[in-house]
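Residue numbers (our numbering): 350 to 676. Notes follow once the structure below has been shown.
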Amino acid sequence: MAEKNYYDILGVKKDASAADIKKRYRKLVRQYHPDVSDDPDADNKIAEINNAYETIRDKEKRAEYDAMLDNPFAGQSGGFGGQSASGGQGGYRWEDIKDQFGEGEAYGDGGFRFDDIFSAFGRGARGSAGGQSQRGGFGSQDSKGQDQHAEITVDLASVYNGDDYSIKLNVPIRQPNGSVEYDNKTLKIKIPKGITDGKQIRLAGQGAAGIGGGKNGDLFLKVKIRHADNIRIEGADVYQTVNIAPWEAALGEKINVSTPAGTLAVTVPKNSKSGSNLRLKGKGIPAKQAGDLYLTLNIVNPDISTEAATQAYEQLKQAFADINISR
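Given below as structure tokens:
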């Protein structure tokens with residue numbers, strides 16, 4: 350046995366819960382990810398962390414490992430971990446991202462962010478086999494490939510209606526001699542209607558290549574919603590700033606507003622103030638529990654560019670001469 354066991358490597362106690370182990374693992378990967386860490390040994394540390402996590406995250410493997418820790422002379426001659434974590438399963442080399450899938454396969458403005466926090470991802474063919482055997486034991490040559498994580502940016506309209514996107518990428522394919530070659534592949538992705546910001550889409554088998562006869566890992570796409578500057582999103586609720594004229598605010602009028610839910614007829618209440626919200630129930634993101642759409646009113650004064658406009662404001666001033674405005 351090495352001086353540090355897998356629990357030591359992750360910095361958790363032997364009786365740590367699965368949730369605590371996962372939380373600690375994520376923290377360590379963020380700390381030692383080779384794309385962000387200045388540690389010269391970051392590659393090896395990430396490999397060591399991945400190898401430890403892939404063992405003790407699995408209930409059966411963890412039980413077998415614990416038994417070996419309790420009795421290190423029970424016959425585990427091969428040790429744990431199988432493949433070397435620095436052996437290079439290969440990560441994705443991303444080329445191009447489609448903005449929106451329409452009449453042709455045109456690839457757009459690069460709505461991907463290489464934000465993998467779970468595995469070494471981004472500098473060439475680097476990855477971790479993690480010692481995860483498809484046969485349930487340790488040291489097997491058949492290991493599942495690492496899962497990969499990235500971010501995809503989609504339009505708010507796609508979230509309201511559902512849409513098709515596509516990703517063009519180079520898929521790592523392990524050759525019989527152990528080398529990794531890349532093959533161009535286009536994946537079509539269905540954006541589910543009602544998906545909210547930060548949710549993930551799982552593409553089974555589209556992660557890093559497996560070792561030997563092992564299955565490929567999965568690709569998880571974290572959704573980021575792109576929207577106009579006058580919109581903000583909180584969960585499934587959508588807030589949209591709407592400009593109105595002073596007389597619309599004062600007198601109260603019906604106006605048509607272009608919203609993510611379509612063009613809606615809205616009644617502005619009499620004596621409305623800037624910053625007040627009009628709530629349209631169920632017109633937010635159509636998630637399992639639909640959100641609401643809040644129209645935030647912004648009173649915009651028209652420019653005074655003519656003599657007639659100046660006189661109109663003078664008349665307005667005289668009409669409300671007795672109004673005392675608190676400053």
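Ideal Cβ placement from N, Cα and C applies to all residues, glycine included.
Given that a residue counts as buried once 16 or more other Cβ atoms are within 10 Å of its Cβ, and exposed if not, what is Q664? Q664 should be labelled exposed.
Relative to the alpha-carbon of N620, which residue among G494, G611, G601 has its alpha-carbon at the smallest distance? Comparing Cα positions, the closest option is G601.
Taking the alpha-carbon of P618 as reference, which of I634, I604, N400 has the nearest alpha-carbon? That would be I604, whose Cα lies nearest to the Cα of P618.
Going straight from the alpha carbon of K534 to that of L518, what length do you get? Using only the alpha carbons, I get a separation of about 6 Å.
By DSSP, does G427 sit in helix, in strand, or in coil? Any answer about G427 is weak, because its pLDDT of 42 lies below 50 and its placement is not dependable; what the coordinates show is given next. In this structure, DSSP gives G427 a state outside helix and strand, which the three-state scheme calls coil.
Expressed to the nearest angstrom, what Euclidean distance is found between the alpha-carbon atoms of S607 and I582? Here the alpha carbon of S607 sits roughly 17 Å from the alpha carbon of I582.
Near I550, what residues of its chain come up, given a Cβ to Cβ distance below 6 Å and the 5 sequence neighbours on each side ignored? The residues L570, in chain order, have a CB closer than 6 Å to that of I550 in the same chain once the five nearest residues on each side in sequence are set aside.
Using the Cβ count rule (16 or more neighbours within 10 Å means buried), how would you classify T659? Classification for T659: exposed.
So, at 6 Å on beta carbons, what are the nonlocal neighbours of K363 in its own chain, with the 5 sequence-adjacent residues on each side left out? Around K363: Y356.
Below 8 Å on the Cβ atoms is my contact criterion, and I expect Q497 with G566 to pass it. Report the Cβ-Cβ distance as a whole number of Å. Sure, about 6 Å apart at Cβ, within 8 Å.
Distance between G633 and G611 (C-alpha atoms, nearest Å): Taking the straight line joining both Cα atoms gives about 11 Å.
Please look up how many angstroms separate the CB atoms of Y643 and D586, rounded, as I've assumed it's under 8 Å. At roughly 7 Å, the Cβ-Cβ gap stays under 8 Å, so Y643 and D586 are in contact.
Roughly how many whole angstroms lie between the Cα atoms of D546 and N579? In a straight line, the C-alpha of D546 is about 17 Å away from that of N579.
K493 - DSSP class collapsed to helix/strand/coil: DSSP places K493 in coil when its eight states are reduced to three.
Let me know if Q495 comes out buried or exposed under the rule of 16 or more other beta-carbons within 10 Å of its beta-carbon. Around the CB of Q495, 16 or more other CB atoms lie within 10 Å, so the residue is classed as buried.
Checking the sheet assignment: what are the DSSP bridge partners for Q549? Answer is K571.
Tell me where the beta strand (DSSP E) around K603 begins and ends. Per DSSP, the unbroken beta strand (DSSP E) holding K603 starts and ends at 603 to 608.
Identity of the residue in E397, N420, V503, R379 nearest V572 by Cα: Comparing Cα-Cα distances from V572 to each of E397, N420, V503, R379, the minimum goes to V503.
What separation, rounded to the nearest whole angstrom, lies between the Cα atoms of V361 and H576? Straight-line Cα distance between these residues: approximately 41 Å.
For L552, I'd like the list of residues in its chain whose CB is within less than 8 Å of its CB, leaving aside the five on either flank, ordered along the chain. Exclusion of the five residues before and after L552 leaves L536, I538, D567, L568, F569, L570 as the residues of its chain whose Cβ lies within less than 8 Å of its Cβ.
Y588 to Q638 span [Cα, whole Å]: Each residue's Cα considered, the two are about 17 Å apart.
Contact check, I398 vs I358, beta carbons under 8 Å: In this structure, I358 lies closer than 8 Å to I398 by Cβ.
Which listed residue (A599, P609, K372, G640) has its alpha carbon closest to that of K622: The shortest Cα separation from K622 among A599, P609, K372, G640 belongs to A599.
Do you know whose CA, among A506, I370, S492, D532, lies nearest G563's CA? Measuring C-alpha to C-alpha distances from G563 to each of A506, I370, S492, D532 identifies S492 as the nearest.
Own chain residues within Cβ distance below 8 Å of R411, not counting five before or after: For R411, where only same-chain residues beyond five positions count, the Cβ hits under 8 Å are T404, I405.
With DSSP run on the structure shown, which of helix, strand or coil describes N526? Coil.
Quick check on V503: does DSSP put it in helix, strand or coil? When secondary structure is reduced to three states using DSSP, V503 falls in the strand class.
Would you identify the three-state DSSP class for K622, choosing helix, strand or coil? When secondary structure is reduced to three states using DSSP, K622 falls in the coil class, being assigned neither helix nor strand.
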